[in-house]
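A.B. asks:
In the numbering used here, the protein residues as written are 1 to 270.
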């Protein structure tokens, strides 16, 4: 019987994608996965944990902390300080940014023949915003705005001025009061939170920040955001179910490629 590699799915929040992965048939062909919820790990603690596995899928703040301990990074992970997949190649940790690949595919499927330009708004915060900004910057988007959420905000600041300069983008934050008074419309809008406070929902309900040419991306899958009301206005929505399908497909493919590589390396050293 073929020996399976050891895989870790490490996340600290109940994002539906990671529990979905545990039962995804394509993920278990070469790797035996263990899902662990753990938060607040320091870089050293994270390194100790992932060092015991051949492959580690990371989520939440773990994607930031991995940047501190992973020695080598695949192309696309250098500027972002964001890593969501780690391969352990004979004791050397390599970092990858899979969601960069995922969102590029999502974007190409979403925009089709339309030429989107203009500002981008993130309704809240998530580490996923980093690969999204990276991809959109390559498509010529430069103006990125984060709607501040109570008890949140650090994620938006993980792209420092140096990184912003390298990517050629401007990143700013807006509070709820300024948000409701602004007349600015956004080409792309990203839903990043599961639970928006009632006051924020009321501020959003005017939809002054969207136009019929806007596109809303659901990066959560289980949010109290006003999707039905947005759809009723004729604004297009990229649903999480579609994003999840692309995400799982690309992740499974990359895991399969890395697992094959690791197995060959192990065989060569025997």
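The C-beta atom is built at its ideal place from N, Cα and C for all residues, glycine as well.
(1) What's the gap between the Cα of residue 262 and the Cα of residue 50?
(2) Determine whether the beta carbon atoms of residue 143 and residue 174 lie at a separation below 8 Å.
(3) Grab the span of the alpha helix (DSSP H) containing residue 69 for me, first residue to last.
(4) Give me the DSSP bridge partner(s) of residue 73.
(5) Determine the DSSP secondary structure at residue 178, reduced to helix, strand or coil.
(6) Going by C-alpha distance, which of 168, 223 and 205 is nearest residue 191?
(7) Can you list, in chain order, the residues of its chain whose CB lies under 8 Å from that of residue 107, leaving out five sequence neighbours each side?
(8) Answer with buried or exposed for residue 265, where buried requires no fewer than 16 other C-beta atoms within 10 angstroms of its C-beta.
(9) Spatial neighbours of residue 148 within its chain, please: C-beta separation below 6 Å, excluding the five flanking residues on both sides.
(10) Can you name, in chain order, every residue of its own chain whose Cβ lies under 6 Å from the Cβ of residue 33, other than the five neighbours on each side?
(11) For residue 203, which of helix, strand or coil comes out of DSSP?
(12) Could you name the residues of the same chain whose beta carbon sits closer than 6 Å to that of residue 26, not counting the 5 residues immediately before and after it, in chain order?
(13) CA-CA distance, residue 268 and residue 94?
(14) Assuming residue 68 and residue 91 make a contact with CB atoms under 8 Å, what is their CB distance in whole Å?
(15) Tell me the DSSP secondary structure of residue 144 in three-state form.
(16) Under the rule that 16 or more other beta-carbon atoms within 10 Å means buried, what is residue 197, buried or exposed?
(17) Just the C-alpha distance for residue 356 and residue 126, rounded to the nearest angstrom, thanks.
(18) For my contact list, residue 258 and residue 129 are in at a C-beta cut-off of 8 Å; report their separation, rounded to the angstrom.
(19) Report the CB separation of residue 203 from residue 179 in whole angstroms; it is logged as a contact under 8 Å.
(20) Could you work out which residue in 84, 210 and 74 is closest to residue 64 when comparing CA atoms only?
(21) For residue 145, which of 116, 214, 211 and 189 has the nearest alpha-carbon?
(22) Helix or strand or just coil, what does DSSP make of residue 217?
(23) Helix, strand or coil, according to DSSP, for residue 30 in the structure here?
(24) Considering only residues of the same chain and omitting the five flanking positions on each side of residue 240, which have a CB-CB separation below 6 Å?
(25) Assuming residue 238 is part of the beta strand (DSSP E), what are its boundary residues?
(26) Relative to the C-alpha of residue 227, which candidate in 207, 105 and 96 has its C-alpha closest?
(27) Taking DSSP's pairing of strands, which residues face residue 122 in a bridge?
C.D. replies: In short:
(1) For the pair residue 262 and residue 50, the Cα-to-Cα distance works out to about 15 Å.
(2) In this structure, residue 143 keeps its C-beta atom at 8 Å or more from the C-beta atom of residue 174.
(3) Element bounds for residue 69: 62-69.
(4) Residue 73 is bridged by DSSP to 95.
(5) Looking at residue 178 - three-state DSSP - the assignment turns out to be helix.
(6) It is 223 whose Cα lies nearest to the Cα of residue 191.
(7) Answer for residue 107: 135, 136 and 139, listed in chain order.
(8) Exposed, because fewer than 16 other Cβ atoms sit within 10 Å of the Cβ of residue 265.
(9) The answer, listed in chain order, is 173 and 175.
(10) Contacts found: 7 and 9.
(11) In the structure shown, residue 203 sits in a helix (DSSP, three-state: H, G or I).
(12) Contacts found: 252.
(13) Each residue's alpha carbon lies about 19 Å from the other.
(14) Their Cβ separation, rounded to whole angstroms, is 18 Å, which puts residue 68 and residue 91 out of contact at 8 Å.
(15) In this structure, residue 144 counts as strand in the three-state DSSP scheme.
(16) Exposed: under 16 other Cβ atoms inside 10 Å.
(17) Examination of residue 356 is not possible in this model, given that the chain is present from 1 through 270 alone.
(18) With 8 Å as the limit, residue 258 and residue 129 do not qualify as a contact, their Cβ atoms being about 25 Å apart.
(19) So it is a contact: roughly 6 Å between Cβ atoms.
(20) Selected option, being the one with the closest Cα: 84.
(21) Nearest option by C-alpha distance: 189.
(22) Here residue 217 sits in strand by DSSP.
(23) In the structure shown, residue 30 sits in coil (DSSP, three-state: anything other than H, G, I, E or B).
(24) Contacts found: 218 and 221.
(25) Annotation for residue 238: the continuous beta strand (DSSP E) segment containing it runs 236-238.
(26) Distances from the CA of residue 227 to each of 207, 105 and 96 were compared; the closest alpha carbon is that of 207.
(27) For residue 122, which the question treats as bridged, DSSP gives the partners 146 and 190.
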